[in-house]
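Enquirer: Please read through the structure below; I'll follow up with questions.
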Amino acid sequence: MPADSTLTRNFCIIAHIDHGKSTLADRFIEKAKLYVSRGPAQDQILDTMDIERERGITIKSQAVTIPYTAKDGKTYELNLVDTPGHVDFSYEVSRAISSCEGALLVIDASQGVEAQTLANLYMAMEHNLTIIPVINKIDLPSADIDACLHQIDHDLGLEPEETVLVSAKTGAGVDELFEAIVKQINPPEGKDSLPLQALIFDSHYDAYRGVIVHCRVFNGILEVGSEVRFMHTDTPYKVEEVGFFQLGLVKTDALHAGDVGYVITGVKTISDVRVGDTITTVKNAAKNPLPGFKDVKPVVFSSIYPVDTNDYEELVSAIERLKLNDASLIYEKDSSAALGFGFRCGFLGMLHLEVVQERIEREFGLSIVFTSPSVKYIVHMKNGDVINIDNPLEYPDPMRVEYAEEPFIQANIITPSQFVGSLITLCMEKRGVQVGMNYLDEKRVELLYEMPLSEVLFEFYDRMKSVSRGYASFDYQLIGYKRTDLVRMDILVNGEPVDALSQLVFRGSSQLRGKQVCERLKGEIPRQQYKIAIQAAIGGTIVSRETINAFRKDVTAKCYGGDISRKRKLLEKQKEGKKRMKMVGNVEIPQSAFLAVLKSDDSSK
Amino acid sequence: MLTLGGCKPKSLYLHIPFCTTRCSYCSFYSEPETNWKGFREAYVSRLEQEIAVVVQETGGFETIFIGGGNPGSLTCEQLSRLLLAARSTQCREVTIEMNPDTFSEAFFPLFEQKLVTRLSMGIQSMDEEVLRQLGRNATLEDNLQAIALAKKAREQYGIDLSFDVMAALPGQTMQMALQDIETVVSLSEAGHISLYCLTVEEGTELARNVSKREVQVWDDDGQRELLQSLWARLGQLGYEHYEVSNFAREGNVCNHNLVYWDLNTYLGLGSSAASFLHSGNESWHYSQNQDLKDFAEGALFTGYDKEILSSEQLMEEYLMMALRTNRGIEKKHFSDRFLLDFDSLFSNTIAHLDPLWYNNTSHLFVLTEVGWMVLDEIVLRLCLQIPQPLDRH
Ligand SMILES: Nc1nc2c(ncn2[C@@H]2O[C@H](COP(=O)(O)OP(=O)(O)OP(=O)(O)O)[C@@H](O)[C@H]2O)c(=O)[nH]1
Ligand code: SF4
Ligand SMILES: [Mg+2]
Numbered sequence: 001m002p003a004d005s006t007l008t009r010n011f012c013i014i015a016h017i018d019h020g021k022s023t024l025a026d027r028f029i030e031k032a033k034l035y036v037s038r039g040p041a042q043d044q045i046l047d048t049m050d051i052e053r054e055r056g057i058t059i060k061s062q063a064v065t066i067p068y069t070a071k072d073g074k075t076y077e078l079n080l081v082d083t084p085g086h087v088d089f090s091y092e093v094s095r096a097i098s099s100c101e102g103a104l105l106v107i108d109a110s111q112g113v114e115a116q117t118l119a120n121l122y123m124a125m126e127h128n129l130t131i132i133p134v135i136n137k138i139d140l141p142s143a144d145i146d147a148c149l150h151q152i153d154h155d156l157g158l159e160p161e162e163t164v165l166v167s168a169k170t171g172a173g174v175d176e177l178f179e180a181i182v183k184q185i186n187p188p189e190g191k192d193s194l195p196l197q198a199l200i201f202d203s204h205y206d207a208y209r210g211v212i213v214h215c216r217v218f219n220g221i222l223e224v225g226s227e228v229r230f231m232h233t234d235t236p237y238k239v240e241e242v243g244f245f246q247l248g249l250v251k252t253d254a255l256h257a258g259d260v261g262y263v264i265t266g267v268k269t270i271s272d273v274r275v276g277d278t279i280t281t282v283k284n285a286a287k288n289p290l291p292g293f294k295d296v297k298p299v300v301f302s303s304i305y306p307v308d309t310n311d312y313e314e315l316v317s318a319i320e321r322l323k324l325n326d327a328s329l330i331y332e333k334d335s336s337a338a339l340g341f342g343f344r345c346g347f348l349g350m351l352h353l354e355v356v357q358e359r360i361e362r363e364f365g366l367s368i369v370f371t372s373p374s375v376k377y378i379v380h381m382k383n384g385d386v387i388n389i390d391n392p393l394e395y396p397d398p399m400r401v402e403y404a405e406e407p408f409i410q411a412n413i414i415t416p417s418q419f420v421g422s423l424i425t426l427c428m429e430k431r432g433v434q435v436g437m438n439y440l441d442e443k444r445v446e447l448l449y450e451m452p453l454s455e456v457l458f459e460f461y462d463r464m465k466s467v468s469r470g471y472a473s474f475d476y477q478l479i480g481y482k483r484t485d486l487v488r489m490d491i492l493v494n495g496e497p498v499d500a501l502s503q504l505v506f507r508g509s510s511q512l513r514g515k516q517v518c519e520r521l522k523g524e525i526p527r528q529q530y531k532i533a534i535q536a537a538i539g540g541t542i543v544s545r546e547t548i549n550a551f552r553k554d555v556t557a558k559c560y561g562g563d564i565s566r567k568r569k570l571l572e573k574q575k576e577g578k579k580r581m582k583m584v585g586n587v588e589i590p591q592s593a594f595l596a597v598l599k600s601d602d603s604s605k
Numbered sequence: 606m607l608t609l610g611g612c613k614p615k616s617l618y619l620h621i622p623f624c625t626t627r628c629s630y631c632s633f634y635s636e637p638e639t640n641w642k643g644f645r646e647a648y649v650s651r652l653e654q655e656i657a658v659v660v661q662e663t664g665g666f667e668t669i670f671i672g673g674g675n676p677g678s679l680t681c682e683q684l685s686r687l688l689l690a691a692r693s694t695q696c697r698e699v700t701i702e703m704n705p706d707t708f709s710e711a712f713f714p715l716f717e718q719k720l721v722t723r724l725s726m727g728i729q730s731m732d733e734e735v736l737r738q739l740g741r742n743a744t745l746e747d748n749l750q751a752i753a754l755a756k757k758a759r760e761q762y763g764i765d766l767s768f769d770v771m772a773a774l775p776g777q778t779m780q781m782a783l784q785d786i787e788t789v790v791s792l793s794e795a796g797h798i799s800l801y802c803l804t805v806e807e808g809t810e811l812a813r814n815v816s817k818r819e820v821q822v823w824d825d826d827g828q829r830e831l832l833q834s835l836w837a838r839l840g841q842l843g844y845e846h847y848e849v850s851n852f853a854r855e856g857n858v859c860n861h862n863l864v865y866w867d868l869n870t871y872l873g874l875g876s877s878a879a880s881f882l883h884s885g886n887e888s889w890h891y892s893q894n895q896d897l898k899d900f901a902e903g904a905l906f907t908g909y910d911k912e913i914l915s916s917e918q919l920m921e922e923y924l925m926m927a928l929r930t931n932r933g934i935e936k937k938h939f940s941d942r943f944l945l946d947f948d949s950l951f952s953n954t955i956a957h958l959d960p961l962w963y964n965n966t967s968h969l970f971v972l973t974e975v976g977w978m979v980l981d982e983i984v985l986r987l988c989l990q991i992p993q994p995l996d997r998h
């Protein structure tokens with residue numbers, strides 16, 4: 001790696017979801033021959049988590065350092081950050097942007113500019129990054145390069161002439177893109193001679209090596225053996241190892257100004273490490289920390305409980321470790337009558353919630369359940385008190401409530417014009433109020449709606465995709481609180497309220513919602529020894545009811561010598577399933593039932 | 606490679622994976638005639654040699670069962686060779702399965718020479734349309750003739766008879782199912798009846814048809830009601846309901862199958878056959894992994910996969926099997942076998958079960974017919990109480 005920072009380029013790849021960022025990163029890595037020794041590579045090699053591979057989306061930003069010998073004969077160090085495209089993870093993009101001088105703004109040639117293309121572009125412009133527009137997937141028959149160039153000019157206000165055309169699939173145009181990066185993106189400005197300032201932009205926990213901190217050195221040198229301190233928490237540590245990210249960690253002696261890499265310091269207390277903090281040396285310390293990152297604001301709240309109450313301690317350590325690698329996760333202790341001890345958590349969206357659940361289960365081998373998610377309401381009491389509530393259980397006695405407010409967002413939806421009608425219907429159903437409608441060009445329309453956040457969080461995205469056959473895209477910003485008519489709905493299983501399933505709902509939708517929840521629970525809770533009644537209640541009134549009959553027949557007809565082994569293996573699987581059931585009173589509720597209730601409506605699917 | 610490792614299994618099972626064509630619900634290992642044409646003799650010959658070796662080692666078996674597939678796909682001569690190889694003085698029960706369409710007097714020498722003592726015939730249904738739906742080769746006429754022939758064999762040679770009947774079949778009504786039982790019992794006066802509720806097994810033609818909604822099967826509630834009636838009727842007809850799907854008149858239980866349900870040792874030879882062996886502190890299964898061609902061409906005792914059981918797995922298998930019979934679990938036997946007290950392990954779980962499901966005395970835990978209806982659930986709940994790992998040393 002060059003010690004000369006004029007040969008370093010730090011850039012991120014940003015785009016709307018699925019426009020091909022990770023696949024483009026594959027081509028860079030491949031050209032740099034980083035995995036020659038590893039044999040044939042998988043696609044989207046930077047999507048290392050199982051859940052990313054299964055869902056085919058990026059969830060975490062990933063940094064990787066690539067050597068590149070340019071046409072000018074010099075070898076550059078390219079620090080590339082692949083970012084996620086999904087709205088829930090825009091915090092990942094914002095952090096990547098803070099540690100780069102340039103961004104490749106990737107646009108799918110068959111889709112054109114979409115909502116996150118704009119949102120991410122604005123974010124990059126706020127940080128004064130050099131932006132290289134890249135039109136990807138030019139190999140597709142449906143690619144419409146002219147339309148994209150027009151949008152780049154017209155919608156994005158970027159130079160169409162500077163656009164690079166590539167196919168991340170075939171590799172076409174990637175060489176030109178390398179050259180553009182080297183020529184157009186500035187080298188980092190920092191100096192080795194200044195006091196050390198390294199920005200912590202991520203971290204993760206390694207079972208063998210402990211906490212691994214990911215950082216970008218802005219000034220100074222981060223050297224093995226030196227004494228450093230994390231400026232916000234003010235704890236001194238000795239640097240045990242530093243290195244670069246390739247496909248794995250590659251050790252080196254020191255990270256210089258402009259470098260992106262990792263540092264291991266033998267941190268014992270996980271909470272000492274904070275994403276956004278600055279590392280400096282104990283001697284010749286920097287005067288000020290770097291600006292760090294904007295605080296993340298969770299929008300959905302839900303509590304996590306271990307299925308087996310004995311697993312609480314393990315959940316504590318799982319959450320701490322997960323937090324290292326997911327700075328956007330916010331949590332505090334919580335407890336429930338039905339579920340025991342757990343954590344109240346804040347998430348950036350429903351996908352974020354699902355990802356946290358899956359990561360806790362997979363990475364830490366714990367079975368957990370979530371309580372019904374909620375947004376944060378403001379409740380004005382008759383006595384003049386104003387309280388914030390994100391947990392349905394804390395909702396006060398309605399008699400004492402003057403009125404409540406719920407968070408609203410402005411949604412920007414970009415869609416081909418033929419879907420405008422069905423999208424308007426959908427937005428109205430979600431209590432949306434239209435505040436604007438612009439024709440971006442002959443074929444594309446931008447719809448602006450004000451809607452309650454709670455309506456957007458749950459399945460709005462899926463519904464929008466399905467009514468627009470995948471073509472509409474959306475982005476949203478919180479715009480503040482508005483008055484609403486709120487009720488608390490309780491779910492009773494065999495007459496017993498299950499606190500984890502209580503939820504706050506808009507009065508106008510409560511009837512329908514109660515019916516949906518009962519139906520879903522009926523679909524998820526298996527027949528048991530006794531008949532089970534499932535009811536939704538508002539105040540003392542039952543608004544919906546379903547019955548699950550007792551199981552009637554469950555017996556293997558034939559079981560002889562040849563069947564025993566197979567049958568036992570089946571039994572072992574069923575045992576695992578049973579262990580994932582949560583006993584509520586004398587009813588076994590499978591984990592999937594808690595999840596099913598999270599999803600709101602599927603009425604029109 | 607199969608070795609007995611010092612175990613002298615009580616019983617022998619021989620698998621004959623040959624059928625004429627495949628029935629729509631079938632999930633056993635068997636192949637249609639076109640696939641086994643040239644391999645039959647080689648298959649029999651390897652089986653015969655393997656039998657000879659193990660009989661040498663064990664001195665013989667108490668019970669033998671030739672199943673399939675359809676053992677009637679072999680010639681009488683081939684079957685004789687297998688049974689002659691397996692014959693020993695300690696043998697007290699030899700069962701052979703036969704499909705009605707291939708059964709004939711050509712097999713009578715087996716009975717005459719006392720090589721076979723028990724005949725088990727797969728009747729399945731007495732309705733022409735249902736038989737066709739199931740893809741059986743036998744017609745109603747074949748079934749009637751086979752019953753008559755079986756009776757003749759019983760009269761001439763004193764063999765025992767058992768008939769397999771299926772229930773909850775597509776297109777069947779409760780009335781039809783009851784009538785099937787009535788007909789089979791009155792025509793045959795069989796000492797033993799196996800009554801199986803149709804199971805839609807994954808990967809079968811039936812499963813595909815059901816998922817395409819071309820065939821409609823009975824729901825759980827219907828099956829329960831149907832079984833209740835059929836079980837009651839068999840009781841009235843003088844049969845003891847001694848296992849979930851098996852009914853016997855006085856002295857007619859199938860001793861071979863009891864070995865499975867008691868989780869006693871048995872050896873299974875032939876493609877897909879399974880064994881359970883025990884010696885010293887170790888229990889293990891073998892399962893044969895070769896298809897019939899590979900078996901026919903393979904070296905002796907190759908293709909048997911060994912799976913050693915932990916004490917916990919062993920206990921699971923025991924609960925799974927023992928609760929299927931009306932002998933249930935003898936608590937003394939349980940603690941002798943597993944060195945753990947049945948009540949301390951399970952009384953808590955049992956207390957939460959519906960009392961109609963079981964009888965629980967100081968020395969016995971046994972399920973009732975009502976309990977059998979939900980046997981799998983009961984076994985699952987008991988198994989969740991098995992401490993793991995059980996091996997304490
Ligand atoms: N035909 C074609 N397909 C491509 C190209 N680039 C990416 N794809 C496909 O587009 C899909 C999405 O690619 P990804 O690289 O995962 O997209 P991404 O932008 O990283 O997606 P997120 O990380 O979830 O935002 C995959 O199925 C890729 O195989 C391309 O140049 N041509
Ligand atoms: S006769 Fe028996 S083994 Fe053969 S195909 Fe039919 S069900 Fe399967
Ligand atoms: Mg990606």
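Chains as they are written, first to last, in our numbering: chain G, 1 to 605; chain C, 606 to 998.
All C-beta atoms, glycine included, are put in the ideal place defined by N, C-alpha and C.
(1) Please return the same chain residues whose Cβ sits closer than 7 Å to the Cβ of G/T6, not counting the five positions on each side in sequence.
(2) Let me have the residue list for ligand 3: C-beta closer than 7 Å to any non-hydrogen atom, ordered along the chain.
(3) Run down chain G in chain order and give the residues with a C-beta less than 8 Å from the C-beta of C/N862.
(4) Between G/G85 and G/N120, is the Cβ-Cβ spacing less than 9 Å?
(5) When burial is assigned at 16 or more other CB atoms within 10 Å of the CB, is G/E52 buried or exposed?
(6) Considering only the beta carbon of each residue, do C/L980 and C/L919 sit closer than 9 Å?
(7) Return no unless some Cβ of chain G is closer than 9 Å to the Cβ of C/T778.
(8) Run through chain G and tell me which residues come within less than 8 Å of C/H890, C-beta to C-beta.
(9) Along chain G, which residues have their Cβ under 8 Å away from the Cβ of C/T804?
(10) Cutting at 6 Å between CB atoms, please list the residues of its own chain near C/S632, excluding the five before and the five after it.
(11) Compare the C-beta of G/R580 against all C-beta atoms of chain C and say whether one is closer than 9 Å.
(12) Does the contact criterion of 3 or more C-beta pairs under 8 Å hold for the segment 814 to 833 of chain C versus the segment 792 to 799 of chain C?
(13) Within 9 Å of any Cβ in chain G, is that where the Cβ of C/W836 sits?
(14) Just tell me which of G/I132, G/R483 and G/P291 has its CA closest to the CA of G/L105.
(15) Comparing C-alpha positions only, which one of C/E655, C/W641 and C/S629 sits nearest to C/Y909?
(16) Is any non-hydrogen atom of ligand 2 found closer than 8 Å to the C-beta of C/N704, if you look at the structure I gave you?
(17) My understanding is that G/E546 touches G/I534, with C-beta atoms under 8 Å, so please give their C-beta distance in whole angstroms.
(18) Please list the terminal residues of the continuous beta strand (DSSP E) segment that includes C/W889.
(19) Using the Cβ count rule (16 or more neighbours within 10 Å means buried), how would you classify G/V36?
(20) For the segment 763 to 774 of chain C, which residues have a CB atom closer than 8 Å to at least one CB atom of chain G, in sequence order?
(21) Output needed for G/I200: all residues of its chain with C-beta closer than 6 Å, excluding positions within five of it in sequence on either side, in chain order.
(22) What residues from the segment 526 to 541 of chain G come within 7 Å of chain C, judged by C-beta to C-beta, listed N to C?
(23) Under the criterion of a Cβ to heavy atom distance below 8 Å, does C/N675 qualify as lining ligand 2?
(24) At the level of alpha carbons, what is the spacing between C/G827 and C/A879?
(25) Please confirm if C/S730 has its CB atom under 9 Å from at least one CB of chain G.
(26) Between G/K238 and chain C, is the shortest Cβ-Cβ distance under 9 Å, so that the two count as touching?
(27) In chain order, what residues of the same chain have a beta carbon less than 8 Å from the beta carbon of G/Q184, not counting five sequence neighbours either side?
Expert: Here's the rundown:
(1) Residue mapping note: residue 6 of chain G aligns to position 6 of the first sequence, counting from 1. Counting only Cβ-Cβ distances below 7 Å, and skipping sequence neighbours, we find P187.
(2) G/K21, G/S22, G/Q44, G/D47, G/I57, G/T58, G/D82, G/P84 and G/G85
(3) Position 257 of the second sequence, counting from 1, holds the residue named residue 862 of chain C. Within 8 Å Cβ-Cβ: Y560.
(4) Here residue 85 of chain G corresponds to residue number 85 of the first sequence, with the count starting at 1. Here residue 120 of chain G corresponds to residue number 120 of the first sequence, with the count starting at 1. Cβ atoms of G/G85 and G/N120: closer than 9 Å.
(5) Along the first sequence, read from residue 1 onward, the residue named residue 52 of chain G stands at position 52. Under this definition G/E52 is a buried residue.
(6) In the second sequence, counting from the first residue as 1, residue 980 of chain C sits at position 375. In the second sequence, counting from the first residue as 1, residue 919 of chain C sits at position 314. No, Cβ-Cβ distance for C/L980 and C/L919 is not below 9 Å.
(7) As a working mapping, residue 778 of chain C is identified with position 173 in the second sequence. It does not; no Cβ of chain G falls within 9 Å.
(8) Taking the second sequence and counting its residues from 1, the one referred to as residue 890 of chain C is at position 285. Residues of chain G passing the Cβ test: I564 and S565.
(9) Residue mapping note: residue 804 of chain C aligns to position 199 of the second sequence, counting from 1. Correct list: T556, A557 and K558.
(10) Working through the second sequence from its first residue, we reach residue 632 of chain C at position 27. Result list for C/S632: E806 and T809, in chain order.
(11) As a first step, residue 580 of chain G must be located in the first sequence, where it is residue number 580. False, the Cβ-Cβ gap to chain C never drops below 9 Å.
(12) no
(13) Counted from its first residue, the second sequence places residue 836 of chain C at position 231. By this cut-off, C/W836 is not an interface position.
(14) As a position in the first sequence, residue 105 of chain G is number 105, starting the count at 1. Nearest of G/I132, G/R483 and G/P291 to G/L105, Cα basis: G/I132.
(15) One-based indexing of the second sequence puts residue 909 of chain C at position 304. Among C/E655, C/W641 and C/S629, the Cα nearest to that of C/Y909 is on C/E655.
(16) Counting from one through the second sequence, the residue named residue 704 of chain C turns up at place 99. Yes.
(17) Taking the first sequence and counting its residues from 1, one reaches residue 546 of chain G at position 546. Taking the first sequence and counting its residues from 1, one reaches residue 534 of chain G at position 534. With a Cβ gap of about 5 Å, G/E546 and G/I534 count as contacting.
(18) Here residue 889 of chain C is taken as the residue at index 284 of the second sequence, counted from 1. Here the beta strand (DSSP E) through C/W889 covers E887 to Q893.
(19) Within the first sequence, the letter at position 36 stands for residue 36 of chain G. Here G/V36 scores only 49 on pLDDT, less than 50, and its place in the model is too uncertain to base an answer on.
(20) none
(21) Numbered from 1 along the first sequence, position 200 holds the residue referred to as residue 200 of chain G. Closer than 6 Å at the Cβ level, and outside the excluded window around G/I200, lie V213, C215, V275 and D277.
(22) Q529
(23) The residue you call residue 675 of chain C lines up with position 70 of the second sequence. Yes, ligand 2 has a heavy atom inside 8 Å of this Cβ.
(24) Looking up residue 827 of chain C in the second sequence gives position 222. Looking up residue 879 of chain C in the second sequence gives position 274. Rounded to the nearest angstrom, the two C-alpha atoms are 33 Å apart.
(25) Start at 1 with the first residue of the second sequence, and residue 730 of chain C comes out as number 125. No, no contact with chain G.
(26) Numbered from its first residue, the first sequence carries residue 238 of chain G at position 238. For G/K238, the answer is no, since every Cβ of chain C falls outside 9 Å of its Cβ.
(27) The count along the first sequence starts at 1 and reaches residue 184 of chain G at position 184. G102, T130, I132 and E162.
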